[in-house]
Amino acid sequence: MPGQLLMYPMSQRRWMDAKINVGYFSLGVTSTWSTGPEMEFGRTLIEAGVVPSGRVGFIPTAVGATYLAEWMPPWEWQPEGGELWVKLISVVREAMGKAGSGASLRGLIWVQGENDGRAQVDAETYGSRFATFVAGLRAELAPYNPRLPIVMGVMSTGPRLEWYTRLDVVRAAQLYDDPMTRPVVRVDMAIFSFYEQVFTGGVSKAIHLSKQGQCDMGAAMAKAWMASGLQAQA
């Protein structure tokens, strides 16, 4: 959707038409096997006619296989904040500065948590760390939206517990309606399709969403976002 779906890639440092595999393109990496929910999220909003300008822009900062600790704002162990936190805040500020006076920061799409399901300590502290992350994010980005809403893909468990043995703890933390993080719109990843990945030794596991699963989740996120009433808020 040229001129309607836009992105601000970290590798390009300018607003441009969004491309498939937004996250990889943003990091300057070429990939054809992976995608995220953002393209279908934006397309669904535009086709529903709920975006007055007819344009949706993404500021992609996602990195795969990360721990929540890497996204944390400044704290005792990381006085400057996690490496990914620093990049997130920097690129959002830069992108908003170049977006024009009519642009507004509407929300954050958050799909993260698998790696935190590997160890008990990370899983058990996920809820409190996420609350700290959200509070820090809203404080830093207050000039653009002090109550920045979160659209969260809730981690699924099932067969994935064999790989991420504490993912059920992360999932429970994500499902908890913490007053400190509201508003959060949640979409359960469990209802979408996963693809079989072959690992060392020939072991096959379905632990990541397929392209279709990602697109379906993006559309579901947009519908949940609209149903929440947040899209109608300035």
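Numbering (the numbering used here), first residue to last: 996 to 1229.
Cβ coordinates follow ideal geometry from the N, Cα and C atoms, glycine included.
Residue i, DSSP secondary structure in three states
i: G1049; result: coil
i: Y1003; result: coil
i: S1223; result: helix
i: A1126; result: helix
i: G1213; result: helix
i: S1099; result: coil
i: I1054; result: coil
i: K1014; result: coil
i: S1167; result: Checking the sequence, you will find Ala at residue 1167 rather than Ser. If DSSP states are grouped into helix, strand and coil, A1167 belongs with the helices.
i: A1234; result: The requested residue 1234 is not part of the displayed model; the chain covers only 996 to 1229.
i: L1136; result: coil
i: Y1121; result: helix
i: G998; result: coil
Residues that DSSP places opposite residue i in a beta bridge
i: W1070; result: Q1073
i: M1147; result: W1105, R1181
i: S1199; result: V1193
i: L1204; result: F1189
Rounded distance between the beta-carbons of residue j and residue i, thought under 8 Å
i: D1183; j: S1205; result: Between S1205 and D1183 the Cβ distance is about 16 Å, and since that is not below 8 Å, they are no contact.
i: W1220; j: Q1228; result: Contact doesn't hold; Cβ gap of about 11 Å is too wide.
i: R1181; j: M1147; result: 5 Å
i: W1010; j: K1093; result: 6 Å
i: M1270; j: I1054; result: No answer is possible for residue 1270: the residues shown for the chain start at 996 and end at 1229.
i: E1035; j: A1214; result: 5 Å
i: T1061; j: N1110; result: 6 Å
Delimiting residues of the alpha helix (DSSP H) encompassing residue i
i: E1065; result: Neither: E1065 is in no alpha helix (DSSP H) and is coded neither H nor E.
i: L1040; result: 1033-1042
The beta strand (DSSP E) enclosing residue i, as first and last residue numbers
i: S1085; result: Element bounds for S1085: not the beta strand (DSSP E) but the alpha helix (DSSP H), 1078-1093.
i: F1189; result: 1189-1194
i: I1186; result: Careful: I1186 lies outside any beta strand (DSSP E) and carries neither H nor E.
Proximity test, Cβ basis, 7 Å: residue i and chain B
i: I1041; result: The displayed structure is made up of one protein chain only, and chain B is not part of it.
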